Every structure is written in structure tokens, then in C-alpha cells.
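Reading through the C-alpha cells given below for one structure.
Numbering (full-length UniProt numbering), first residue to last: 1 to 357.
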């Protein structure tokens with residue numbers, strides 16, 4: 001065999017031979033790796049479906065609450081911003097209860113990237129998760145508009161939608177440029193997403209003796225989203241989720257909001273996307289570096305991979321390059337994706353962390 005050419009043609013000693021397309025794609029992959037790849041893809045598909053459906057539900061219901069608040073005057077939801085933040089939080093709670101056991105209920109690309117960086121979630125799955133989340137958000141937003149478009153067009157009063165920023169506010173957040181620059185908005189997204197991921201890491205940490213169980217975790221996440229919504233909603237900065245933001249903007253562009261959706265007033269698209277992703281990693285880094293190493297359970301479970309990396313860097317800076325780091329089979333399994341599901345205590349701890357990773 002000399003080489004594999006395009007279009008399923010393989011060069012042999014006696015000349016070119018045509019082969020099936022499927023065989024030509026996998027020809028250079030060993031049977032063992034091909035079987036493993038197909039198995040991983042087969043396990044990934046239900047996770048993507050779960051993320052898609054959950055984001056559809058969140059955007060279809062939560063943006064409908066936003067529309068109710070903005071489009072109806074007087075609105076029962078305008079008496080306090082809790083009338084909007086609470087339903088947003090509950091939509092996340094319901095979806096985590098529904099699909100957390102399938103995909104881990106990331107529902108947010110910032111969470112996905114952070115778990116890949118620090119909690120053993122496989123990097124190759126991050127982009128498929130992102131596409132599923134964005135597609136679900138797009139469909140959910142279109143679902144909301146199907147419900148509210150008669151009222152929306154009536155309130156637009158004949159104006160094109162791309163000249164109706166008050167209508168677009170039901171879909172996505174464009175901060176008031178009179179008060180907030182794009183750089184300021186980027187910073188807000190960064191540190192509030194850091195708060196979000198920091199708390200998620202705390203809630204899902206098997207090293208944390210105060211961490212809630214799996215049954216309480218969704219409720220606490222809903223309350224956390226509600227608190228962040230109360231902090232940011234009235235100033236048009238309640239995003240902290242690149243998947244939710246991009247999905248709603250794609251739907252808005254399809255409907256006719258034009259530049260208000262993509263790229264957004266003052267470049268809000270990049271501020272929301274980049275600020276949220278970077279903020280999530282920062283929040284995870286702070287927790288993994290400044291909180292997790294100091295739990296008393298570290299002595300029992302052993303250091304995590306990140307702890308060992310930090311120790312290596314610290315020893316390197318102190319000139320102690322040859323110091324051997326202690327290994328721990330328990331912590332190694334926790335940081336990996338061991339899902340064998342046996343009933344002993346070690347596996348129970350591992351399972352608690354993986355449930356939302």
C-alpha cells in the first residue's frame with residue numbers, strides 16, 4: 001500500500017483500487033480506536049440532545065417572561081426585578097433536574113470550558129456542547145417570538161424591527177451605551193461569570209464538606225441565577241452565558257433585528273462572548289487555586305491534578321525542580337472521567353463530581 005488518495009481511491013502495487021467512502025475515512029484508524037471513537041460519539045449524542053432541549057426550554061420560557069414584562073403596560077412583573085430574575089432562575093432549576101443526569105446540565109458554554117479546564121471534562125466535547133446549546137437557544141427564542149409576534153409588531157407601530165431597540169430587549173442584552181462602554185460591559189461579564197462558575201465549582205466539589213447533594217444543587221443554581229439577575233438585569237448586563245446570548249441573537253437576526261442582534265450595539269456580541277468565557281475560567285481558577293486545596297478532605301482524597309500543577313510551578317519558582325510530587329489514585333480518578341459506577345466510597349465521591357461535569 002503506497003498511500004490513500006482522495007475520493008476513496010487507494011494506490012496498490014497493481015494499480016489504483018476504488019473503495020467505499022466509509023472505509024477510506026477510517027482506513028488510517030486502527031480498529032480499536034475506531035471502535036472507541038464510535039462508542040464515544042454514541043455516548044455524546046444523548047448529551048447534545050439534552051443540552052439542546054434544555055436550552056430550548058430556558059429561552060422559550062424565560063424570554064417569554066421578559067416579553068411579558070416589556071410588552072405589557074402596566075406589567076405585573078415590573079413591580080420588582082425579582083419578577084423577572086426568579087423565573088429565569090427557576091427555568092435553570094427545572095432543566096438541571098430534568099437533564100442533569102444525562103449531560104451534566106452545563107447549559108452555558110462558560111461552564112463547559114471551565115469544567116474542561118479544571119474538572120476533567122474532555123476538551124473535544126466542548127464545541128459540540130456549544131453548538132447544541134446555541135441551537136437550542138435559537139429554537140427557544142424563535143418559539144417565544146411565535147407566541148408574542150402579534151403584540152410585538154403592534155408595539156413596533158410600523159417601524160422596522162431593527163429600529164426598535166425596546167423590542168430587541170426581550171431577546172438579548174444591549175447595555176445602554178450612554179452609561180456603559182463596551183470595555184466596561186466586557187469587564188462586567190467577566191467578573192460576574194467568574195462569580196457564577198466559582199459557586200458552581202463549590203456546589204459540585206466532592207472535596208467540599210459543605211457541598212449540597214445532587215438533589216439540592218439545581219435549586220441553589222436557580223437562586224444563584226436569580227441573585228445575579230437582580231444584580232445585572234436593570235442595567236442590561238444579565239447575560240453571563242455565551243450560549244444563551246448567541247442563540248438569542250441568531251434568532252433575532254433571523255426575525256429582522258439586524259445590527260441590534262448581530263453584532264449588537266457597540267459590539268456587545270464580543271463583550272458578552274469573550275467576557276463570559278474568560279470569566280468562567282477565571283472563576284474556576286480562583287476556586288481551584290485558593291479554596292479547594294485547603295479543605296481537610298485533601299489529606300484523605302489526595303491532591304487533584306490542578307493542585308499538583310500548582311505545586312510544580314511553586315517548586316519551580318523556588319528552584320526545586322526535582323521535587324517528586326505525590327500521586328494519588330483517588331484524586332487521579334476524580335479528575336478523570338471514571339464512570340464505572342461501583343458502590344464503594346471512592347466511586348461515590350467520584351460520581352458526585354462527575355454528575356455535573
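Each residue gets a CB set at the ideal place from its N, CA and C atoms; glycine is no exception.
The model shown is predicted, which means the values in this text are computed figures rather than measured ones.
{"Asked": "Taking the alpha carbon of residue 196 as the point to measure from, which residue in 251, 98, 110 and 95 has its own alpha carbon closest?", "Found": "110"}
{"Asked": "Out of 215, 316, 200 and 213, state which residue places its alpha-carbon closest to the alpha-carbon of residue 284.", "Found": "200"}
{"Asked": "Could you name the residues of the same chain whose beta carbon sits closer than 7 Å to that of residue 149, not counting the 5 residues immediately before and after it, in chain order?", "Found": "none"}
{"Asked": "Rank 37, 32 and 97 by C-alpha distance to the C-alpha of residue 53 and give the top, closest one.", "Found": "97"}
{"Asked": "My output table needs one value for residue 24: the three-state DSSP class, helix, strand or coil.", "Found": "Confidence at residue 24 is low in this model, with a pLDDT of 48, below 50, so the placement of that residue is unreliable and no value is reported for it."}
{"Asked": "Along the alpha helix (DSSP H) that carries residue 316, what are the first and last residues, could you check?", "Found": "305-317"}
{"Asked": "Considering only the alpha carbon of each residue, which of 221, 157, 91 and 117 lies closest to residue 137?", "Found": "91"}
{"Asked": "Please go through the same chain and pick out, in chain order, the residues whose beta-carbon is closer than 6 Å to the beta-carbon of residue 264, but skip the five residues on each side of it.", "Found": "174"}
{"Asked": "Starting from residue 69, follow the alpha helix (DSSP H) in both directions and report where the run begins and ends.", "Found": "31-71"}
{"Asked": "Across the segment 210-227 and the segment 249-267, are there enough close Cβ pairs to call them in contact, namely three or more that are closer than 8 Å?", "Found": "no"}
{"Asked": "Note down the Cα distance separating residue 47 from residue 140, rounded to an integer number of angstroms.", "Found": "18 Å"}
{"Asked": "To the nearest angstrom, how far is it from the Cα of residue 144 to the Cα of residue 58?", "Found": "10 Å"}
{"Asked": "Quick check on residue 31: buried or exposed, where buried means 16 or more other Cβ atoms within 10 Å of its Cβ?", "Found": "exposed"}
{"Asked": "In terms of residue numbering, what span does the alpha helix (DSSP H) encompassing residue 123 cover?", "Found": "Note, residue 123: premise wrong, no alpha helix (DSSP H); not H, not E."}
{"Asked": "With a cut-off of 8 Å, do at least 3 Cβ pairs link the segment 274-281 to the segment 239-249?", "Found": "yes"}
{"Asked": "Could you check the C-alpha separation between residue 63 and residue 319 for me, to the nearest Å?", "Found": "55 Å"}
{"Asked": "Where are the alpha helix (DSSP H) runs, 4 residues long or more, that stay fully inside the segment 163-218, in chain order?", "Found": "165-168 and 182-203"}
{"Asked": "Go through its chain and collect everything with a Cβ distance to residue 156's Cβ below 7 Å, but skip five positions before and after it.", "Found": "164 and 167"}
{"Asked": "Among 106, 93 and 128, which one has its Cα closest to the Cα of residue 42?", "Found": "128"}
{"Asked": "Would you call residue 147 buried or exposed, if buried means 16 or more other Cβ atoms sit within 10 Å of its Cβ?", "Found": "exposed"}
{"Asked": "According to the neighbour-count rule (16 or more other Cβ atoms, all chains shown, within 10 Å of its Cβ), is residue 45 buried or exposed?", "Found": "exposed"}
{"Asked": "Could you tell me how far apart the beta carbons of residue 89 and residue 69 are, in whole angstroms, since I believe they sit closer than 8 Å?", "Found": "That belief does not hold up - the Cβ atoms of residue 89 and residue 69 are roughly 15 Å apart, past 8 Å."}
{"Asked": "Please classify residue 248 as buried or exposed, where buried requires at least 16 neighbouring CB atoms within 10 angstroms.", "Found": "buried"}
{"Asked": "By the three-class DSSP mapping on this structure, what secondary structure does residue 237 have?", "Found": "coil"}
{"Asked": "Report the residue from 93, 118, 212 and 117 whose alpha carbon sits nearest the alpha carbon of residue 107.", "Found": "93"}
{"Asked": "Figure out for me which residue from 37, 272, 250 and 311 has the closest Cα to the Cα of residue 131.", "Found": "250"}
{"Asked": "Quick check on the DSSP output: the alpha helix (DSSP H) that includes residue 251 runs from which residue to which?", "Found": "242-255"}
{"Asked": "Going by beta-carbon coordinates alone, are residue 220 and residue 203 separated by less than 8 Å?", "Found": "yes"}
{"Asked": "With a Cβ-Cβ cutoff of 8 Å, do residue 261 and residue 275 count as a contact?", "Found": "no"}
{"Asked": "Among 125, 117, 296 and 124, which residue has its Cα nearest to the Cα of residue 209?", "Found": "296"}
{"Asked": "Quick check: residue 85 and residue 95, are their CB atoms within less than 8 Å of each other?", "Found": "no"}
{"Asked": "With C-beta atoms as the reference, is residue 50 less than 8 Å away from residue 114?", "Found": "no"}
{"Asked": "Looking only at its own chain, which residues have a Cβ that is under 6 Å from the Cβ of residue 142, when we skip the five neighbours before and after it?", "Found": "251"}
{"Asked": "Identify, in the order they occur along the chain, each residue of the same chain with its Cβ nearer than 6 Å to the Cβ of residue 61, setting aside the five sequence neighbours on each side.", "Found": "91"}
{"Asked": "Looking only at its own chain, which residues have a Cβ that is under 6 Å from the Cβ of residue 246, when we skip the five neighbours before and after it?", "Found": "134"}
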